[in-house]
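Participant: Quick one: structure below, then a few questions.
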Amino acid sequence: MKTRKPPSHASWESTLECPLRCKHCGLNAGLKRPSELSTEEAKNMLSALCAFGIKNLIISGGEFTFRKDWIEILSFSLPLFESVRVITCGWLGKKLFTELKIIEDTSNLIISVSLDGLEKNHDFRRGQGSFIKVLKTLESPSPIPRTVLTTVDSLNITDCPDILGLCLKLRVPLWSIQISLPAGRMKPALFLGKTKIQLLAEEILHWRKEFGHRIDVSPDDCFANLFPKRTWGEWSGCHAGNNLITILNDGRVTGCPTMDNLIAGNVKTDSLEEIWNSEVMKNLHNEKPKECLICGQCDGGCKAVSKLFNKQFCSPN
């Protein structure tokens, strides 16, 4: 078996359990699966990721802090990786940092908070009172760095300038922007469409030029080559199956959470080396829409977009 260089990043979808029922949730999160990794299984998986050569861990959900063992697992994770980023809906508010004080060393921890608009739009999408909890998460005095993650559709795109203003006010170092894709609870009618995605991409480029000395405004992989700056050599293609491996909540392994139709193995029964070098994982990276086989500029674009649309947003059709 020909072996590939291990990826530098791993993403763990720690649970599907979540206190919210977000209208745009592509995973339809809410209730955990009966087969989700136990505490010991999770620790074994994390140790295996470290031994395999993974340097950076991303923990998402659902809502990771809804797991009863989240502090235990996070404490176990932090010494294993160069960085650990926890994505949260902010439901704990300032209590999050009270609980984190139990952990002796959080110097390599990053908290990424989902913020999808000002109070009216954010709460409409995520639930009454969630905006205030996000603000408390971002405002709480703590040395732990916090970043903001925004998922954009036709309902909240007009809030983006205000989100940027709030990030600047709170001195947030990184604002990641991704596009709501029609999966899970996300209704296709709310999808931005290519024209609005292009306008948003151009606005992001403007913000980067104007405010880059204060905040990194970062377009997610889902923009693929539609983001103008991609043509300047900033992006080398989708990380899924290339520089990223994803472990789903029940231990199945794929490239990114959206690619749950292409499973390369399960950490409960298979070694990471076998999974990473499997034909399924190789094919996941190599699969491209026909337009991308002709173009070849960004190595096939975003895998999630390919799955849902069988083309990329930068496609001429």
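Here the sequence shown stands for residues 1089 to 1405, where the numbers follow our numbering.
Note that the Cβ used here is the ideal one computed from N, Cα and C, for glycine as well.
Since the structure is predicted, the reported quantities are computational estimates derived from the model, not experimental observations.
(1) Can you tell me whether residue 1149 is buried or exposed, with buried defined as 16 or more other CB within 10 angstroms of its CB?
(2) So the alpha helix (DSSP H) residue 1214 belongs to, where does it begin and stop?
(3) Residue range of the alpha helix (DSSP H) that residue 1144 falls in?
(4) Give the list of continuous alpha helix (DSSP H) stretches no shorter than 4 residues that lie fully inside the stretch 1232-1285.
(5) Let me know the secondary structure DSSP gives residue 1309 once reduced to three states.
(6) Residue 1284 and residue 1242 - do their beta-carbons sit closer together than 8 Å?
(7) DSSP beta-bridge partners for residue 1097?
(8) From the DSSP output, read off the bridge partner residues of residue 1314.
(9) Can you list, in chain order, the residues of its chain with a C-beta nearer than 8 Å to that of residue 1232? Leave out the 5 residues immediately preceding and following it.
(10) Using C-beta distances below 8 Å, list every residue in its chain close to residue 1398, excluding the 5 sequence neighbours before and after it, in chain order.
(11) Is the beta carbon of residue 1156 less than 8 Å from the beta carbon of residue 1225?
(12) In this structure, what does DSSP give as the bridge partners for residue 1105?
(13) Is there contact here, the stretch 1209-1224 with the stretch 1109-1127, by at least three beta-carbon pairs under 8 Å?
(14) Applying the criterion that 16 or more other CB atoms from any shown protein chain within 10 Å of the CB defines a buried residue, is residue 1091 buried or exposed?
(15) What does a CB cutoff of less than 8 Å around residue 1298 pick up in its chain, not counting 5 residues either side in sequence?
(16) Would you be able to state if there are at least three C-beta pairs under 8 Å between the stretch 1292-1307 and the stretch 1270-1280?
(17) Does DSSP put residue 1172 in a helix, in a strand, or in coil?
(18) When we look at the beta-carbon of residue 1223 and count the other beta-carbons within 10 Å, is it buried (16 or more) or exposed?
(19) Taking the alpha helix (DSSP H) that residue 1394 falls in, what are its first and last residues?
(20) So which of 1251, 1256, 1096 and 1279 has the shortest CA-CA distance to residue 1169?
(21) Using the C-alpha atoms, what's the distance from residue 1115 back to residue 1208?
(22) So what does residue 1325 bridge to, in DSSP terms?
(23) Do you know how far the Cα of residue 1339 is from the Cα of residue 1356?
(24) Under DSSP, the alpha helix (DSSP H) around residue 1223 begins and ends at which residues?
(25) Relative to the C-alpha of residue 1123, which candidate in 1396, 1142, 1373 and 1354 has its C-alpha closest?
Facilitator: Per the coordinate set shown:
(1) buried
(2) 1207-1214
(3) Careful: residue 1144 lies outside any alpha helix (DSSP H), inside the beta strand (DSSP E) at 1144-1148.
(4) 1248-1257
(5) helix
(6) yes
(7) 1144 and 1332
(8) DSSP output for residue 1314 lists no bridge partner at all.
(9) 1185, 1188, 1194, 1197, 1198 and 1199
(10) 1377
(11) no
(12) 1118
(13) yes
(14) exposed
(15) none
(16) no
(17) strand
(18) buried
(19) 1391-1397
(20) 1096
(21) 23 Å
(22) In the DSSP output, where bridge partners are listed per residue, residue 1325 has none listed.
(23) 6 Å
(24) 1218-1227
(25) 1354
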